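Trainee:
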Amino acid sequence: MSEDIEAIRRKRLKELQEKANAVQEQVEEIHAMQREFSWEDFGYDEPEWGFRESQDMPGAFDICQKRHTVALTGDPQFAMLVTDLLNRARLEELTLHRGEDDAKEE
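If you read the sequence shown in our numbering, its first letter stands for residue 1, the second for the next number, and so on.
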């Protein structure tokens with residue numbers, strides 16, 4: 001019986017280590033992209049929303065608005081999704097206001 005429990009524990013520990021390694025690989029890939037490219041490379045200002053690895057909590061990610069932390073997550077893909085959606089919403093808002101301003105001028 002105790003051998004079965006130990007086998008299950010070893011299996012779960014191995015699965016957790018594999019998940020941790022996968023997350024670490026994702027983090028390294030994100031850092032590599034951040035070092036390789038900047039928004040200025042594409043002719044844009046830095047977006048309002050972004051994310052970074054948390055300095056206060058190892059393994060966590062800060063979701064930031066204008067470099068100020070507003071939320072915390074443990075999943076880098078979720079942080080990327082949230083910041084992408086917020087930046088797209090902001091871009092849409094700016095685009096709509098620009099279109100309204102153009103209509104008022106006419």
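No residue lacks a Cβ here, since even glycine has one placed at the ideal position from N, Cα and C. No experiment lies behind these values; they were computed from the predicted model shown.
For a quick check, are the C-beta atoms of residue 75 and residue 69 less than 8 Å apart?
Mentor: No. Outside cutoff.
Trainee: On the CB-based measure, 16 or more other CB atoms within 10 Å of its CB, does residue 83 come out buried or exposed?
Mentor: Classification for residue 83: buried.
Trainee: For residue 60, collect the residues of the same chain with a Cβ closer than 6 Å to its Cβ; drop the 5 residues on either side in sequence, then sort them by chain order.
Mentor: Within the same chain, residue 60 has close Cβ partners 54, 72 and 74.
Trainee: From 95, 52 and 96, pick the residue whose C-alpha is nearest to that of residue 80; which is it?
Mentor: The shortest C-alpha separation from residue 80 is found at 52.
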